[in-house]
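So the sequences go chain by chain: A and B.
Residues in the first sequence are numbered consecutively from 62, following this note's numbering.
Residues in the second sequence are numbered consecutively from 9, following this note's numbering.
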Amino acid sequence: MLVAWRYRKRPNSIIQKFDPRAWLIFYACFLFATLSFWDVRFLLPFLVVALFTLFTSGVKWTEIRRALIFIIGFVFFFAILTFLTGRGSSELYEEEHLIRELRVPISIFGWVPTLKITVERVFFAVSQLVRVSSISIMTILIPYSLDPRLYGVTFKGLGLPDQFAYAMDLTMRFIPTFGRDFQLTMDAQRARGYELEKLSGGLFEQVRKMGPIFVPVTIHAIIGSEDIIDAMDLRAFGIGPRTWLDVLDRDFKDRLLIWFGVAILVGSIFLELFGYGQFWVPEALIRWAGG
Amino acid sequence: MNKSLLSMVITLVVILAIVAIGVFFIDPNLEFPIDQATVPARFLFVGIGLLIAFAIYYSTRENSAWEVGTRQVVWMAIGAALYAVFSYLFNGTVFVVPSVSQVALRPAIAIPMFFGYTFGPVVGFFTGAIGNMFGDAWTGFSLSPQWSIGNGLVGLISGMPFLFGDKKRSLDTVLWTGGALALLGTVLYFLNPTLPNTLFFDAANNIFGDAPITLFAGISILVGFVLVLIVRFVFGQNLDIAAAVTWGMLGNILGLLFAALSDIWINGYSLPVAMVGEFLPAAGPNLIFAAILVPLLVVAYRSVQRQSGR
Numbered sequence: 062m063l064v065a066w067r068y069r070k071r072p073n074s075i076i077q078k079f080d081p082r083a084w085l086i087f088y089a090c091f092l093f094a095t096l097s098f099w100d101v102r103f104l105l106p107f108l109v110v111a112l113f114t115l116f117t118s119g120v121k122w123t124e125i126r127r128a129l130i131f132i133i134g135f136v137f138f139f140a141i142l143t144f145l146t147g148r149g150s151s152e153l154y155e156e157e158h159l160i161r162e163l164r165v166p167i168s169i170f171g172w173v174p175t176l177k178i179t180v181e182r183v184f185f186a187v188s189q190l191v192r193v194s195s196i197s198i199m200t201i202l203i204p205y206s207l208d209p210r211l212y213g214v215t216f217k218g219l220g221l222p223d224q225f226a227y228a229m230d231l232t233m234r235f236i237p238t239f240g241r242d243f244q245l246t247m248d249a250q251r252a253r254g255y256e257l258e259k260l261s262g263g264l265f266e267q268v269r270k271m272g273p274i275f276v277p278v279t280i281h282a283i284i285g286s287e288d289i290i291d292a293m294d295l296r297a298f299g300i301g302p303r304t305w306l307d308v309l310d311r312d313f314k315d316r317l318l319i320w321f322g323v324a325i326l327v328g329s330i331f332l333e334l335f336g337y338g339q340f341w342v343p344e345a346l347i348r349w350a351g352g
Numbered sequence: 009m010n011k012s013l014l015s016m017v018i019t020l021v022v023i024l025a026i027v028a029i030g031v032f033f034i035d036p037n038l039e040f041p042i043d044q045a046t047v048p049a050r051f052l053f054v055g056i057g058l059l060i061a062f063a064i065y066y067s068t069r070e071n072s073a074w075e076v077g078t079r080q081v082v083w084m085a086i087g088a089a090l091y092a093v094f095s096y097l098f099n100g101t102v103f104v105v106p107s108v109s110q111v112a113l114r115p116a117i118a119i120p121m122f123f124g125y126t127f128g129p130v131v132g133f134f135t136g137a138i139g140n141m142f143g144d145a146w147t148g149f150s151l152s153p154q155w156s157i158g159n160g161l162v163g164l165i166s167g168m169p170f171l172f173g174d175k176k177r178s179l180d181t182v183l184w185t186g187g188a189l190a191l192l193g194t195v196l197y198f199l200n201p202t203l204p205n206t207l208f209f210d211a212a213n214n215i216f217g218d219a220p221i222t223l224f225a226g227i228s229i230l231v232g233f234v235l236v237l238i239v240r241f242v243f244g245q246n247l248d249i250a251a252a253v254t255w256g257m258l259g260n261i262l263g264l265l266f267a268a269l270s271d272i273w274i275n276g277y278s279l280p281v282a283m284v285g286e287f288l289p290a291a292g293p294n295l296i297f298a299a300i301l302v303p304l305l306v307v308a309y310r311s312v313q314r315q316s317g318r
């Protein structure tokens with residue numbers, strides 16, 4: 062049995078009104094275009110597009126809550142980490158304008174923990190937050206909004222040959238299935254007293270003791286594949302050009318989305334080539350910080 | 009262009025395209041993204057890795073092992089998905105499984121070896137390369153495309169017995185070649201015993217790549233080779249087990265050697281750092297897992313084959 066990603070048809074979803082190929086092409090253009098900029102003024106429109114897509118996707122908060130909290134936590138953690146350490150941002154600017162310096166009133170072997178709050182670090186953290194949030198929001202929507210039945214025909218539509226379009230389709234569909242199989246096998250072994258987290262013995266013994274988890278999941282997957290192979294053979298897979306049960310139609314709105322994505326990308330590349338969109342901090346803030 | 013040549017070219021182009029999608033679309037969102045300045049060098053080595061695969065194919069292009077039919081398509085998908093799932097589950101953060109002297113229990117490498125040996129070089133290559141890419145993406149670590157190609161080579165070389173009519177004839181040559189390379193790696197460790205283990209991830213203390221390599225991790229490739237040697241001669245009567253483990257060993261050593269050496273140009277490592285800091289801690293433990301888990305998989309699969317008659 063195949064376990065699917067958390068997709069379901071959502072009647073009011075704007076993403077799902079588009080052809081998946083058009084959506085993926087737009088997503089690719091959006092991603093490249095976002096990566097062209099570090100200027101928060103240029104990045105904010107991308108965040109607006111990402112938030113618009115999220116709020117019109119029809120995906121409910123209860124469905125996406127765990128993933129979204131993880132992503133938000135992750136993005137904030139790294140933005141704050143960069144802010145505190147200054148690592149990763151220093152290649153974008155040469156000079157820092159100090160707003161405030163916070164010192165912890167202790168000394169550890171002569172080293173006093175100090176946090177320098179500078180205009181550049183604050184704006185880099187904000188830019189990073191906007192940039193990564195835009196990309197993450199768009200990425201996270203893919204498994205919720207792209208019908209697993211359309212993976213194959215989408216890859217085919219993007220130019221892959223039938224065999225590899227179908228292999229990619231199956232790979233993506235098998236991942237949650239095997240994750241579930243692994244969990245079932247581990248639960249079954251736990252019921253027999255096997256605990257993966259408490260493997261005892263030396264290294265060789267521990268590796269050998271992974272067999273009861275590793276072997277059943279792998280062999281079960283291969284045995285299960287025979288049914289899929291039979292079904293594909295019975296339908297003469299690979300003998301001639303494949304027809305797909307679901308047919309993707311690209312209409313005017315899909316072409317419009319593709320051209321919109323391409324226009325954003327080309328525009329972003331030109332802006333970047335002409336030196337726009339580099340890391341930016343407001344002049345007023347620099348003056349205020351005494352620069 | 010004949011059918012097998014077309015299949016192979018398409019396979020390589022598809023893998024290149026998927027690697028590119030991973031590096032450009034997925035990697036920037038990951039926890040430890042790669043340095044964008046190294047991307048051209050990484051793709052250069054992806055190209056070199058694919059050329060190696062193509063050269064192996066081209067020199068044996070008449071062999072039916074290179075054909076891609078329905079079964080291969082499904083096995084490629086299953087292998088890649090299993091490799092991705094096991095890579096994710098045993099990355100050290102999902103299950104905190106014990107780690108013995110810097111050798112963490114990451115048994116996933118047995119999958120490309122087993123799939124390569126059992127279902128052929130194309131399946132092995134796809135399983136290793138695409139499975140590693142999905143596994144890295146899911147785990148959140150950076151996508152190193154040349155390491156994915158290195159993993160692909162592990163699967164491809166494990167599947168090379170398909171290219172030989174007589175599996176037994178080549179076995180000893182493969183064994184002693186692997187042994188010589190393992191010995192060379194161990195000598196390099198003893199010449200540079202204080203280098204850091206760049207791959208060791210201590211999840212509990214959030215330490216990645218700074219701890220000096222331990223004695224056991226440094227000599228693990230030799231330990232793994234001794235295990236392979238034992239398997240080769242103890243299971244000498246069972247050619248399947250001996251061949252799977254021996255070819256898997258060579259695949260593991262050459263595939264990861266390719267990936268580790270590429271970091272000399274990509275990350276500016278010295279030869280000792282690439283060999284002792286990267287290659288040994290990756291290839292050594294892999295060899296131990298392979299020597300134990302691949303025979304279990306081969307025996308289980310043969311048993312299923314006997315029962316099902318397929």
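Even for Gly, the Cβ is constructed at its ideal location relative to N, Cα and C.
| Query | Result |
| --- | --- |
| Where A:Q231 meets chain B, residues with beta-carbon distance less than 7 angstroms | Here residue 231 of chain A turns out to be Leu, not Gln, going by the sequence shown. V82 and A85, listed in chain order. |
| CB contact flag (A:V110, A:V187, <9 angstroms) | no |
| A:I300 in three-state terms, based on DSSP | coil |
| For A:E162, the first and last residue of its enclosing beta strand (DSSP E) | L159 to R164 |
| Assigned secondary structure, A:K270 (DSSP; H/G/I helix, E/B strand, else coil) | coil |
| Neighbour-count burial assignment, B:D144, 16 or more Cβ in a 10 Å radius | buried |
| For A:I141, the nearest candidate out of A:Q224, A:D248, A:G240 and A:I178 (CA to CA) | A:I178 |
| Residue-chain proximity (A:V268, chain B), Cβ-Cβ < 9 angstroms | yes |
| Supposed contact pair B:V82 and A:M233 - C-beta distance, whole angstroms, cut 8 angstroms | Contact doesn't hold; Cβ gap of about 14 angstroms is too wide. |
| Sequence-distant residues of its chain with Cβ nearer than 8 angstroms to B:L235 (five each side left out) | L295, I296, A299 and I300 |
| Under 7 angstroms by beta carbon: chain B residues contacting A:G240 | V93 |
| Near-chain A residues of the stretch 56–78 of chain B (beta-carbon distance less than 9 angstroms), N- to C-terminal order | V76, G77 and T78 |
| Touch test, the stretch 205–215 of chain A against the stretch 60–69 of chain B, Cβ-Cβ under 8 angstroms, three pairs minimum | no |
| B:F233 at chain A interface by Cβ criterion, 9 angstroms | no |
| Integer Cβ distance of B:A73 from B:P129, believed to fall under 8 angstroms | 6 angstroms |
| DSSP-derived helix/strand/coil call for B:T181 | helix |
| Spatial distance of A:P193 from A:W99 (CA atoms) | Checking the sequence, you will find Val at residue 193 of chain A rather than Pro. Each residue's alpha carbon lies about 11 angstroms from the other. |
| Proximal chain A residues relative to B:P115, where beta-carbon distance stays under 7 angstroms | V268, M271 and F275 |
| Extent of the continuous alpha helix (DSSP H) run through A:K177 | From DSSP, A:K177 is part of no alpha helix (DSSP H) but of the beta strand (DSSP E) over T175 to T179. |
| Neighbouring residues, chain B, relative to A:G299 (Cβ below 7 angstroms) | G77 and T78 |
| Proximity to A:G119 [Cα-Cα], best of A:L202, A:I167 and A:E344 | A:L202 |
| Proximity below 9 angstroms, CB of A:G285 to CB of B:V93 | no |
| Under 7 angstroms from the C-beta of B:A308: neighbouring residues of chain A | V276 and I280 |
| DSSP-derived helix/strand/coil call for A:M62 | Only weak support exists for where A:M62 lies, its pLDDT of 46 falling under 50; the value from the coordinates is given anyway. Residue state, collapsed to three classes: coil. |
| Within chain A, the residues that B:M297 reaches when beta carbons sit closer than 9 angstroms | In the sequence as presented, Met is not what sits at residue 297 of chain B; that position holds Phe. Result: V268 and M271. |
| 8 angstroms Cβ cut-off: residues of chain A touching B:A252 | Chain A residues near B:A252: none, gap ~13 angstroms exceeds 8 angstroms. |
| Stretch-stretch touch, CB-based, cutoff 8 angstroms, three pairs: the stretch 215–227 of chain A with the stretch 259–274 of chain A | no |
| CB contact check: A:A228 to chain B, cutoff 9 angstroms | yes |
| Under 9 angstroms between C-beta atoms of B:G292 and B:G244 | no |
| Cβ pair count under 8 angstroms reaching 3, the stretch 318–328 of chain A against the stretch 74–94 of chain A | yes |
| Cβ-based neighbour list, A:D291, same chain, cut-off 6 angstroms, excluding 5 preceding and 5 following | none |
| CB of B:L304 within 9 angstroms of CB of A:R251, strictly | no |
| Beta-carbon spacing of B:R79, B:F134 below 9 angstroms | no |
| Residue from B:L59, B:G77, B:V242 and B:A267 with nearest C-alpha to A:G299 | B:G77 |
| Residues bridged to B:P220 (per DSSP) | B:P204 |
| Limits of the unbroken alpha helix (DSSP H) element including A:I75 | Unbroken run through A:I75: none, as it is neither H nor E. |
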